[in-house]
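Asker: Sharing a structure with you now.
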Amino acid sequence: MICKILRITLLFLGFQHCSSRECVDPLVSGLYASSFLASSRYNFLYSANFAKLYGSSGWSPSPGDRQPWLQVDLGRKYRLVAVATQGTFNSYDWVSKYTLLYGDRPDSWTPYVMKGGNSTMPGNWNYHQVKRNVFHYAFTAKHVRLLPLAWNTENGGKIGVRLELFGCPYGTKYPNHGSESVKPSYRSRTLRDHYAINFKTLEQDGLLLHSEGVQGDVVTLELKRGRLYLHISLGSSMVHKVNGRTTLTAGNILDDQQWHYVTIKRYGRQVNFTVDSQTVTAICKGEFSHLDLDSQKKMHYHCRDILLKPMTFAGPNNYLQVPGFFRKPRMFVKFKFRSWDYTGLLMFTRFADDLGALELGLSEGQVNVTIFQPGKKKLQFAAGYRLNDGYWHTVDLAARDNLMTLTIDEEEGSPLKITNPFTIRTGDRYFFGGCPKTNNTIRKCETKLNHFHGCMQQIYIDNEQLDIDFILQLSSPFDDVIYRCTPNPCEHEGRCIQSWDDFICLCENTGYKGEVCHMSVYKESCEAYRLQGKYWSGNYTIDPDLSGPLKPFEVYCKMKSYKAWTVILHDRVDGTKVTGSTVDRPYVGNVNYWNASWDEVTALANTSMYCEQWIDYSCYKSRLLNTPSEPYGYWIGRNNESHYYWGGAFREVQKCGCSINQTCTDPKFHCNCDADYRQWYSDKGYLDFRDHLPVRRVVIGDTNRTNSEAQYTVGPLRCHGDRNIWNTISFVKPTYITFPTFKPGSSADISFHFKTYRDNCVFLENSDEQLRNFLRIELNTTQNLAFVFMVGDGILNVTLRSPMPLNDNEWHFVQAEINVKLARIKVDWQPWAVRRFPGQTFVTMEFSHPILVGAANRTLRPFLGCMRGLRMNGVPLDLEGKVNEEQGIRRNCTGECLNATIPCRNSGQCIEGYASYTCDCNNTAFDGFYCHKDIGAYFEIGSWMRYNIRKKPISDEAAWANWIDPHFDNFSLGYNDTADDVEFSFSTLHTPAVLLYISSFVQDYIAVILKTDGSVDLRYRLGLITHKYQLTHRNLADGYPHYINITRHNRTIKSQVPDNNTVTSNSVKSPVFDGDLFPVPSEIGDIDKEIKRHNAPGFIGCISGVRYNVYAPLKALTTLATLCSSVSSPLSLFPLSYPLPLSLSLPSLTLYQKQLLNIPIFSQILLTSVVPRAGSRQQAAHGSVYYRLMWKWKNQRSRRTRRSPS
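Just so you know, the sequence shown maps onto residues 3 to 1208 in this note's numbering.
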């Protein structure tokens, strides 16, 4: 029993509290200067008594104070509910983080711990604004101490504090001291109750409250091993044999001699049990809702202070050195400790006269005793079990020569006695918690054990209690033990194990992973496994809500090359026979799915693109839907909704599949079974409306007549696709969409895909009213992706720097997670960027604003691009449901390119800007904003142009390496050896001429020849034989522009000419025609003789829109012409990817650009080159692919009057 309880206050619902006003009185502003105390002060103007809110100065410690603190004596006990801070008036001095200690005496402190174990409180961000922190649970104290942890250092800033505490006097109903009694009145048979108790104790076990009634109703509140247990029973049923006793447990390590606040609230069968910051909710067992207790009881309580001063060993080098009586033959050591660590040094002392040493250590939850003796084997023995459980344990050691006794927790009959031969002569000092690392040359203390982390109190040396005030400056004057596993921070039934300053979660066999078992190990669907590269069918475990509350379950995945079917079996796959059912008493067949609950199966159907389920009703004189009257049979699906249509029919039409197909046995009815024949018929088909599936129950009500019988079968649920992955929208204007406020608890994960061209934008944000708590994911630069948050410890961020640009208009996958231990973010397959938090078990993620997607709350920074597959804590957000064309939010990834008023012409690539677009004309022979400007040149006799694709032949080794590995990173042939794509336009009145000529390092070439009669031939030599093709019989030397397109892929050649826009296809059957021979590295010094014959007298006219694969010679020439003031001959031009040393030579070459917005442009066009006049052996010897344009010399005057091509 708890006989040492210092104060108990009971407040029942029937009571009238002495004060009805709110408990928010300011408590510091009215105090005298003597109530303030500090570790030091900066000067007189910054004394502790100036630390009042809205004061004209503030408190600042001395610059040399390494452990500053500010202390307030409230004069009496108060119930504290909040604290507010400011910086020093009109300065750069303020505190950004701090912690609070409280207690009834100025020499015994308890740190205020917020929900989950975080003792760090957020402070100010400037000197004048007030930062108010409302305590998660109220506490009682007379003295409060503030410890600054972080402060402003910019502009010469330092620690500066003004503060105020809010609360109300404690114990106004009853006196604070002495023995008192009270007779609280109870209302009989209450539906609602409210109990409130404050207590503090040193005992681990005891009874706090007990009451019962004559009908078996009971309320009991008891303490067991430092934890509170509430037992409540509203009565047990004698009819149904239901035991109404319900037990709830909360809190831990409540035997710390500190005040703890307990509330019990009940309404009907629902009970909320709160201990300090932890709340447990339960529904009472049984069938009753009222509590019937005795009407009146007399309670006694007594308040008596017990002076305890525990010490905390928290640092890596903490130790306590205590003097002892020297050279005594007997040793007595006694102390109490509590810890979570498995190992640590409890006590070490060295004997006098070099007789050895004695060591007490904590190892694997036991107290190990080791005696060292010179020249002898050391003695070791252990006592106790699981002493690292965080509770107080007593160690009592007594020793003399040849005898040692060790007692743990003062249990009778349990002392461990050692009778080995050894000699005891006590030394002059004892070390508790560890050995000093310095000043240890005389070997007074040496051990291999780690320093002790925990608390100690009531230390006795040789039967004399240690004066804690004497050594207070060497250790922390408070018990700082924190139970980090209550409540359990590990999610999804993960097991929590803690040490002194941290905890770990064991996630084995839970299906989850991560620091707190938050992230699912499994994929959300079979489709996700297929996209991951798993193409074999079999059993897989899926988790449709990922990190959500639903558990993973096993399904069968039927993998196809283009989709994956998810199949879930159940117990109604085999036929079920039904007889004896009526409309009033129908048969109800439940469908129980294997390995999954109903919610889990529903989640799968809800996230799939398509679902279907076979249903079959076989009947013998048994009606089904009975349209248009009330149905005899139907099925129940999602949300327990009844559906009156059958397989193969449309939803909500009350028909069967035979009615849709017009194959029913009797056309007068909509189902085969509704004909009510004395024969076996069936109605069957697939149910495929996903929002109604899966089938939960089948109801049959017409099998009670003579010989009436039915049999039904429900097939497995089959789903494929994932509609969340492709739930896509586009932001084409600066705007945002909203979703309900994110309520993640203590862990949050966010994932989505995006594509954009912007380098500074916000993807999503959720915050509170004052923007003091928020989460935000943003793109800061082209390569920096940031996860920014403020969850109770200032604005922090974790930034991932990508080696590749993220605004490249390609899809990228983002994942972000934050929990009590870390925050991290990743993109695509890059490693996580991680920021770990200090030891705490709670983060404040309490938001009040809606989720903003596409922009930030205060600074807009809009996102323009596409987003899909947004999930938050496993819950998919329906982006497509927020489509609004007027606001610039479109369905699917559709920007301005698909809605352009003027599209990109001539095969120009549209570069999406979502709010705008640009046209990429680099791989075309055209220019301009829309790739609409035709680039051409007028050639006179003697002028020609050469364009080098490769200046030098490749080696045999390089060609072989490229043939073996065409994707070799460090080498490229520079052109495609299996395909050609040529296009150009020309206009002339003169024949014959070579329009284009392409040669390789061997005797392979491509030539387009304008013959004497004006027809056009194509000459292809790829190997030993030259192939000739006549592109058109028509005379094209008519002064009008004509367009030619030639395409080759391996052995197939296609050409397009402007005669009738027909495409001519030629397939080369000759075995010597080898498309891979064209790039063979070799050099020749001449041009084919057949081609030379057609090159006299030359080409005179215009050529435009020249393109060979990705090369556009005339376009490159116009770029160079803007850099050169004169043109020389011959013209030699290299690809734009090479340096451009250029020497130009033309008698007269006129370049022009003509807009073609209103002229139809053909696509998929291929062109090659033109040949120089005979005798250019040295120029041809380069063996490059040449673009040469030639024509005959004419009078310049006549040239200018000639019509140019359009």
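Ideal placement from N, C-alpha and C gives every residue a C-beta, glycine not left out.
Could you tell me the alpha carbon to alpha carbon distance between lysine 54 and serine 31, rounded to whole angstroms?
Answerer: As a first step, residue 54 must be located in the sequence shown, where it is residue number 52. As a first step, residue 31 must be located in the sequence shown, where it is residue number 29. Rounded to the nearest angstrom, the two C-alpha atoms are 6 Å apart.
Asker: Within 8 Å, do at least three Cβ pairs link the segment 146 to 164 to the segment 83 to 96?
Answerer: yes
Asker: In this structure, does DSSP put histidine 694 in helix, strand or coil?
Answerer: As a first step, residue 694 is located in the sequence shown; it is residue number 692 there, counting from the start. In this structure, histidine 694 counts as helix in the three-state DSSP scheme.
Asker: May I ask which residues mark the beginning and end of the alpha helix (DSSP H) holding asparagine 663?
Answerer: To locate residue 663, count along the sequence shown from 1; it is residue 661. Asparagine 663 -> alpha helix (DSSP H) spans 659 to 663.
Asker: Taking the continuous alpha helix (DSSP H) assigned at aspartate 601, which residues delimit it?
Answerer: As a first step, residue 601 is located in the sequence shown; it is residue number 599 there, counting from the start. For aspartate 601, the enclosing alpha helix (DSSP H) stretches over residues 600 to 609.
Asker: Could you tell me the boundaries of the beta strand (DSSP E) in which leucine 362 lies?
Answerer: Numbered from 1 along the sequence shown, position 360 holds the residue referred to as residue 362. Start and end: 359 to 365.
Asker: With DSSP as the reference, label leucine 900 as helix, strand or coil.
Answerer: The residue given as residue 900 occupies position 898 in the sequence shown. Look at leucine 900 here: in three-state DSSP terms it is helix.
Asker: Who are the Cβ neighbours of tryptophan 728 in its own chain at under 7 Å, not counting the five residues just before and after it?
Answerer: Numbered from 1 along the sequence shown, position 726 holds the residue referred to as residue 728. For tryptophan 728, where only same-chain residues beyond five positions count, the Cβ hits under 7 Å are Arg870.
Asker: Tell whether a beta-carbon distance below 8 Å holds between valine 369 and glycine 386.
Answerer: For the purposes of this step, residue 369 is taken as the residue at position 367 of the sequence shown. For the purposes of this step, residue 386 is taken as the residue at position 384 of the sequence shown. For valine 369 and glycine 386, yes; Cβs fall inside 8 Å.
Asker: Would DSSP call glutamate 466 helix, strand or coil?
Answerer: Counting from one through the sequence shown, the residue named residue 466 turns up at place 464. In the structure shown, glutamate 466 sits in a strand (DSSP, three-state: E or B).
Asker: Please work out which residues of its chain come closer than 6 Å, Cβ to Cβ, to lysine 338, disregarding the five sequence neighbours upstream and downstream, and give them in chain order.
Answerer: Along the sequence shown, one-based indexing puts residue 338 at 336. Correct list, in chain order: Trp394, Thr396, Gln459, Gln460.
Asker: Between the segment 601 to 613 and the segment 667 to 677, are three or more C-beta pairs nearer than 8 Å?
Answerer: no
Asker: As a quick exercise: from Leu548, Asp704, Asp391, pick the residue whose alpha carbon is nearest that of aspartate 586.
Answerer: Translated into positions along the sequence shown, residue 586 becomes position 584. Residue Asp704 is the option with its Cα nearest to aspartate 586.
Asker: Residues bridged to methionine 561 by DSSP?
Answerer: In the sequence shown, residue 561 corresponds to position 559, counting from 1. In the DSSP output, where bridge partners are listed per residue, methionine 561 has Ala566.
Asker: When DSSP builds the beta bridges, which residues end up paired with lysine 446?
Answerer: In the sequence shown, the residue the question calls residue 446 occupies position 444. In DSSP, lysine 446 forms no bridge with anything.
Asker: Please list, in chain order, all residues of the same chain as glycine 496 whose beta carbon is under 8 Å from its beta carbon, the five residues on each side excluded.
Answerer: Along the sequence shown, one-based indexing puts residue 496 at 494. Beyond the five residues adjoining it in sequence on each side, glycine 496 comes within less than 8 Å, by CB distance, of Asn490, Cys507, Leu508, Cys509, Thr512, Tyr514, Val518, Cys519 in the same chain, given in chain order.
Asker: Under the assumption that aspartate 770 contacts serine 850 (Cβ atoms under 8 Å), give the Cβ distance between them as a whole number of angstroms.
Answerer: Taking the first residue of the sequence shown as 1, we reach residue 770 at position 768. Taking the first residue of the sequence shown as 1, we reach residue 850 at position 848. Contact holds; Cβ gap of about 5 Å.
Asker: What are the start and end residues of the beta strand (DSSP E) that includes tyrosine 683?
Answerer: Numbered from its first residue, the sequence shown carries residue 683 at position 681. Start and end: 682 to 689.
Asker: In angstroms, rounded to a whole number, what distance separates the CA positions of valine 816 and proline 1060?
Answerer: As a first step, residue 816 must be located in the sequence shown, where it is residue number 814. As a first step, residue 1060 must be located in the sequence shown, where it is residue number 1058. Approximately 51 Å between the Cα atoms of the pair.
Asker: Buried or exposed for glutamate 780, going by 16 or more other Cβ atoms inside 10 Å?
Answerer: Locating residue 780 in the sequence shown gives position 778, counting from the first residue. Buried, since its Cβ has 16 or more Cβ neighbours within 10 Å.
Asker: Could you please give me the residues that DSSP links to leucine 798 through a beta bridge?
Answerer: Here residue 798 refers to the residue found at position 796 of the sequence shown. According to DSSP, leucine 798 bridges with Phe791.
Asker: Name the residue from Thr449, Gly253, Gln88, Arg247 whose alpha carbon lies nearest to the alpha carbon of lysine 202.
Answerer: Locating residue 202 in the sequence shown gives position 200, counting from the first residue. Answer by Cα proximity: Gly253.
Asker: How about serine 64 and tyrosine 80: are their beta carbons less than 8 Å apart?
Answerer: Sequence index remark: in the sequence shown, residue 64 carries index 62 (1-based). Sequence index remark: in the sequence shown, residue 80 carries index 78 (1-based). No; because the gap between Cβ atoms is not below 8 Å, this pair is not in contact.
Asker: Does the segment 683 to 693 come within contact of the segment 546 to 566, defined as at least 3 CB pairs closer than 8 Å?
Answerer: no
Asker: For my contact list, leucine 389 and phenylalanine 454 are in at a C-beta cut-off of 8 Å; report their separation, rounded to the angstrom.
Answerer: By 1-based counting over the sequence shown, the position of residue 389 is 387. By 1-based counting over the sequence shown, the position of residue 454 is 452. Contact flag wrong, Cβ pair sits at about 12 Å.
Asker: So which of His262, Tyr34, Lys828 has the shortest CA-CA distance to valine 115?
Answerer: Sequence index remark: in the sequence shown, residue 115 carries index 113 (1-based). Checking every option, the nearest Cα to that of valine 115 belongs to His262.
Asker: Can you tell me whether arginine 227 is buried or exposed? The criterion is at least 16 other CB atoms within 10 Å of its CB, across all chains shown.
Answerer: Taking the first residue of the sequence shown as position 1, residue 227 is located at position 225. Its Cβ having fewer than 16 others within 10 Å, arginine 227 is exposed.
Asker: Would you mind reading off the limits of the beta strand (DSSP E) that contains glutamate 767?
Answerer: In the sequence shown, residue 767 corresponds to position 765, counting from 1. Element bounds for glutamate 767: 763 to 769.
Asker: Compute the Euclidean distance between the alpha carbons of leucine 15 and phenylalanine 315, then round it to the nearest angstrom.
Answerer: Counting from 1 along the sequence shown, the entry for residue 15 is found at position 13. Counting from 1 along the sequence shown, the entry for residue 315 is found at position 313. Because the pLDDT at leucine 15 is just 33, under 50, the model does not fix this residue reliably, and the value given afterwards should be weighed accordingly. Near 44 Å, if we compare the C-alpha coordinates of phenylalanine 315 and leucine 15.
Asker: Given a cut-off of 8 Å on the beta-carbon distance, is the pair valine 282 and leucine 236 in contact?
Answerer: Within the sequence shown, the letter at position 280 stands for residue 282. Within the sequence shown, the letter at position 234 stands for residue 236. In this structure, leucine 236 does not lie closer than 8 Å to valine 282 by Cβ.
Asker: Would you kindly check if the distance between the Cβ of glycine 89 and the Cβ of asparagine 1 is under 8 Å?
Answerer: As displayed, the chain neither begins before 3 nor continues past 1208, which places residue 1 out of reach and without an answer.
Asker: Assess, as a yes-or-no matter, whether the segment 707 to 723 is touched by the segment 653 to 662 under the definition of 3 or more beta carbon pairs within less than 8 Å.
Answerer: no
Asker: Nearest to serine 631 by CA position, among Asp676, Ser599, Asn642, is which residue?
Answerer: Along the sequence shown, one-based indexing puts residue 631 at 629. The shortest C-alpha separation from serine 631 is found at Asp676.
Asker: Measuring CA to CA, which of Asp929, Ala143, Arg873, His1051 is closest to glutamate 1116?
Answerer: In the sequence shown, the residue the question calls residue 1116 occupies position 1114. The sequence as given places leucine at residue 1116; glutamate does not occur at that position. Of Asp929, Ala143, Arg873, His1051, the residue nearest in Cα terms is Asp929.
Asker: Can you tell me the Cα-Cα spacing of serine 291 and tyrosine 197, whole angstroms?
Answerer: Taking the sequence shown and counting its residues from 1, one reaches residue 291 at position 289. Taking the sequence shown and counting its residues from 1, one reaches residue 197 at position 195. So the two alpha carbons sit approximately 17 Å from each other.
Asker: Cα separation between histidine 138 and aspartate 573?
Answerer: Residue 138 sits at position 136 when you count from the first residue of the sequence shown. Residue 573 sits at position 571 when you count from the first residue of the sequence shown. Taking the Cα positions, histidine 138 is about 49 Å away from aspartate 573.
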